[in-house]
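**Student:** Questions regarding the structure given below will be posed in turn.
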Amino acid sequence: MACGAGRALLPGPDGRCGACRDRALDRGRGTGSVRGRRQAAGGRRQAEGGRQKGSRDGQSPNRFKAALRAGHPQIGIWNAIPQPMIAGLLAGCGFDWVLVDTEHAPMEVRDVLPALQAIAAHPAASAVVRVAINDRVLIKRHLDQGAQSLMVPYAQSRQEAEQAVRAMRYPPRGVRGVAGITRARRFGLIPDCIACAEQELCLIVQVETRAGLERPEEIATVEGVDGVFIGPADLAASLGFPGQAGHPEVAAAIEGAIARLAAVGVPSGILSTDAAFARRCMALGTAFTALGIDVALLARAVGALRAEVACG
1 MACGAGRALL
11 PGPDGRCGAC
21 RDRALDRGRG
31 TGSVRGRRQA
41 AGGRRQAEGG
51 RQKGSRDGQS
61 PNRFKAALRA
71 GHPQIGIWNA
81 IPQPMIAGLL
91 AGCGFDWVLV
101 DTEHAPMEVR
111 DVLPALQAIA
121 AHPAASAVVR
131 VAINDRVLIK
141 RHLDQGAQSL
151 MVPYAQSRQE
161 AEQAVRAMRY
171 PPRGVRGVAG
181 ITRARRFGLI
191 PDCIACAEQE
201 LCLIVQVETR
211 AGLERPEEIA
221 TVEGVDGVFI
231 GPADLAASLG
241 FPGQAGHPEV
251 AAAIEGAIAR
261 LAAVGVPSGI
271 LSTDAAFARR
281 CMALGTAFTA
291 LGIDVALLAR
301 AVGALRAEVA
311 CG
């Protein structure tokens, strides 16, 4: 592919080669003009101010949490393959959030950090880590290695939601153990980040049983809960329809839960591999909606390819 400079170079994401982008940047900076130099200087000061602010509190802005609070719908995808290259690939495909799953996927705590790093290379995407169980030690370990948004499964009561909140917080507001040399604390280089650690943490609890569905408002309105994810597969089993997440009674229960959560002003989320139902949930008001699971998408694509060749 030939660029504006007449050289055959691979294009970047914007379709231009490095030489073309450099010239465009030079023109945008207004090289040689007073206005251009002022704009460039202002941009540098703004960037430096942002870095200084980040260095003071030791916390990177949580875009996922900010979007939920602002009411901006977020489209996500599930990462179940324990390979950071896959996590990075998903993050680069235009999704707002990538769920790194340690509950049902074969991922351990040590597998999550490379996934977080891979996703962080794509600033438009946010990582959400689903912990294996509502356990203070597991939650602490994920937070210590830098996870900012956690999804905690199987919240069936207000007390269980409160348990998750306490695990996310340092004493005296919670029970999270304090360590001074973790990745979350920039390995001890940021001395005062404990005081503001909660500001950029996001807690999503899962309601996925009949018991939880009977009282979603009690769970959702616990102080410190930022959103509620409705787990369709476990909910279907709990309602008596195992393996039938698309059953009409399950769909009706999910839609009812979305409405009840909206009534108390709490963001709701769902995972649906049925595009039509996903759109239906978004129309009803889900704030964070996942459209698929990497391993399932891969299996279907490979199967379809094989079938296409066989039929040909």
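Here the numbering used here is used: the first residue of the sequence shown is 1, the next is one more, and so on.
Just so you know, even glycine gets a beta-carbon here, dropped at the ideal spot from N, CA and C.
(1) Can you name, in chain order, every residue of its own chain whose Cβ lies under 7 Å from the Cβ of V250, other than the five neighbours on each side?
(2) Leaving out five residues before and five after V295 in sequence, what residues of the same chain have Cβ atoms less than 6 Å from its Cβ?
(3) Spatial neighbours of R254 within its chain, please: CB distance less than 6 Å, with the 5 preceding and 5 following residues excluded, ordered by chain position.
(4) Let's test the definition: count the other Cβ atoms within 10 Å of the Cβ of G212 and tell me whether it reaches 16, buried, or not, exposed.
(5) Less than 8 Å between the CB atoms is what I'm expecting for G88 and H122, so what's the real figure, rounded?
(6) Where does G256 sit, in a helix, a strand or coil, going by DSSP?
(7) Looking only at its own chain, which residues have a Cβ that is under 8 Å from the Cβ of R260, when we skip the five neighbours before and after it?
(8) Which whole-angstrom value is the C-beta distance of F187 and I181, which I expect to be below 8 Å?
(9) Classify E200: buried if its beta carbon has 16 or more other beta carbons within 10 angstroms, exposed otherwise.
(10) Quick check: the Cα distance between R63 and S126, rounded to an integer number of angstroms?
(11) Please classify S272 as buried or exposed, where buried requires at least 16 other C-beta atoms within 10 Å of its C-beta.
(12) For M151, count neighbouring Cβ atoms within 10 angstroms of its own Cβ and tell me buried if that reaches 16, exposed if not.
(13) Here's the rule I'm using: 16 or more other beta-carbon atoms within 10 Å means buried, otherwise exposed. How should S60 be labelled?
(14) From the DSSP output, in three-state form, read off A310 for me.
(15) Looking at the secondary structure, which residues open and close the beta strand (DSSP E) in which Q151 lies?
(16) For G174, does the count of other Cβ atoms within 10 angstroms reach 16, so buried, or fall short, so exposed?
(17) Which class does G224 belong to by DSSP, given the choice of helix, strand or coil?
(18) What residues match up with D101 in a beta bridge as DSSP calls it?
(19) Hey, out of Y154, P171, L116, whose CA is closest to G146's CA?
(20) Nearest-angstrom Cα distance between C311 and A304?
(21) If you reduce the DSSP assignment to three classes, tell me which class L298 lands in.
(22) Would DSSP call F64 helix, strand or coil?
(23) Specify the secondary structure class of G18 as computed by DSSP and reduced to three states.
(24) So, under 8 Å CB-CB, R158 and I219 are touching, yes? Tell me the CB distance rounded to an integer number of Å.
(25) Throw me the rounded Cβ distance for the Q74 and A287 pair, which I believe falls under 8 Å.
(26) Taking the alpha-carbon positions, what's the L284 to A275 distance?
(27) Less than 8 Å between the C-beta atoms of D144 and R183, yes or no?
(28) Quick check: the Cα distance between I110 and I86, rounded to an integer number of angstroms?
(29) Alpha carbon to alpha carbon, how far is I190 from V302? Give it in angstroms, no decimals.
(30) Alpha carbon to alpha carbon, what distance is there between I293 and I270?
(31) Note down, in chain order, each residue of its chain lying with its Cβ closer than 7 Å to the Cβ of V222, except the 5 sequence neighbours on either side.
**Tutor:** From the atom records:
(1) Counting from 1 along the sequence shown, the entry for residue 250 is found at position 250. Correct list, in chain order: P232, L235, A236, L239, F241, Q244.
(2) Locating residue 295 in the sequence shown gives position 295, counting from the first residue. Within the same chain, V295 has close Cβ partners A80, I81.
(3) Residue 254 sits at position 254 when you count from the first residue of the sequence shown. A small fix is needed here, since residue 254 is Ile in this sequence, not Arg. Closer than 6 Å at Cβ, skipping near neighbours: I230.
(4) In the sequence shown, residue 212 corresponds to position 212, counting from 1. By the 10 Å Cβ count, G212 comes out buried.
(5) Mapped onto the sequence shown, residue 88 falls at position 88. Mapped onto the sequence shown, residue 122 falls at position 122. Right, the Cβ-Cβ distance comes to about 7 Å (below 8 Å), so this counts as a contact.
(6) Taking the first residue of the sequence shown as 1, we reach residue 256 at position 256. The answer is helix: DSSP assigns G256 an H, G or I state.
(7) Locating residue 260 in the sequence shown gives position 260, counting from the first residue. Closer than 8 Å at the Cβ level, and outside the excluded window around R260, lie P216, E217.
(8) What you label residue 187 is simply residue 187 of the sequence shown in a count that begins at 1. What you label residue 181 is simply residue 181 of the sequence shown in a count that begins at 1. F187 to I181, Cβ: 5 Å. Contact.
(9) As a working mapping, residue 200 is identified with position 200 in the sequence shown. Counting Cβ neighbours within 10 Å, E200 comes out buried, since at least 16 surround it.
(10) Your numbering for residue 63 matches position 63 in the sequence shown. Your numbering for residue 126 matches position 126 in the sequence shown. Going from the Cα of R63 to the Cα of S126 covers about 7 Å.
(11) Walking along the sequence shown from the start, residue 272 turns up at place 272. Per the 10 Å Cβ criterion, buried.
(12) As a working mapping, residue 151 is identified with position 151 in the sequence shown. With 16 or more other Cβ atoms within 10 Å, it is buried.
(13) As a first step, residue 60 is located in the sequence shown; it is residue number 60 there, counting from the start. By the neighbour-count rule (16 or more Cβ atoms within 10 Å), S60 is not buried but exposed.
(14) If you number the sequence shown from 1, residue 310 lands on position 310. Three-state DSSP puts A310 in a helix.
(15) For this step, residue 151 is matched to residue 151 along the sequence shown. Reading off the sequence, residue 151 comes out as Met, not Gln. Start and end: 149–152.
(16) Sequence index remark: in the sequence shown, residue 174 carries index 174 (1-based). The residue in question, G174, is buried, as its Cβ has 16 or more Cβ neighbours within 10 Å.
(17) Residue 224 sits at position 224 when you count from the first residue of the sequence shown. Three-state DSSP puts G224 in coil, outside helix and strand.
(18) Translated into the one-based positions of the sequence shown, residue 101 becomes position 101. Looking at the DSSP assignment, D101 forms a beta bridge with R130.
(19) For the purposes of this step, residue 146 is identified with residue 146 of the sequence shown, where counting begins at 1. Comparing Cα-Cα distances from G146 to each of Y154, P171, L116, the minimum goes to L116.
(20) Mapped onto the sequence shown, residue 311 falls at position 311. Mapped onto the sequence shown, residue 304 falls at position 304. Using only the alpha carbons, I get a separation of about 10 Å.
(21) Start at 1 with the first residue of the sequence shown, and residue 298 comes out as number 298. Note: L298 maps to helix in three-state DSSP.
(22) As a working note, residue 64 is residue 64 in the sequence shown. Helix at F64.
(23) For the purposes of this step, residue 18 is identified with residue 18 of the sequence shown, where counting begins at 1. Legend: pLDDT at G18 = 40, less than 50; position of this residue unreliable, value from coordinates given subsequently. Helix.
(24) If you number the sequence shown from 1, residue 158 lands on position 158. If you number the sequence shown from 1, residue 219 lands on position 219. Confirmed, about 6 Å.
(25) Here residue 74 is taken as the residue at index 74 of the sequence shown, counted from 1. Here residue 287 is taken as the residue at index 287 of the sequence shown, counted from 1. Yes, Q74 and A287 are in contact; Cβ-Cβ is about 7 Å, under 8 Å.
(26) Your numbering for residue 284 matches position 284 in the sequence shown. Your numbering for residue 275 matches position 275 in the sequence shown. C-alpha separation (whole angstroms): 14 Å.
(27) Taking the sequence shown and counting its residues from 1, the one referred to as residue 144 is at position 144. Taking the sequence shown and counting its residues from 1, the one referred to as residue 183 is at position 183. For D144 and R183, yes; Cβs fall inside 8 Å.
(28) Within the sequence shown, residue 110 is the residue found at index 110, counting from 1. Within the sequence shown, residue 86 is the residue found at index 86, counting from 1. This sequence places Arg at residue 110; Ile is not what is there. So the two alpha carbons sit approximately 16 Å from each other.
(29) Position 302 of the sequence shown, counted from the first residue, corresponds to residue 302. Position 190 of the sequence shown, counted from the first residue, corresponds to residue 190. Near 47 Å, if we compare the C-alpha coordinates of I190 and V302.
(30) Taking the sequence shown and counting its residues from 1, one reaches residue 270 at position 270. Taking the sequence shown and counting its residues from 1, one reaches residue 293 at position 293. Their backbone Cα atoms lie some 12 Å apart in a straight line.
(31) In the sequence shown, counting from the first residue as 1, residue 222 sits at position 222. Taken in chain order, the residues that qualify are R158, A161, E162, V165.
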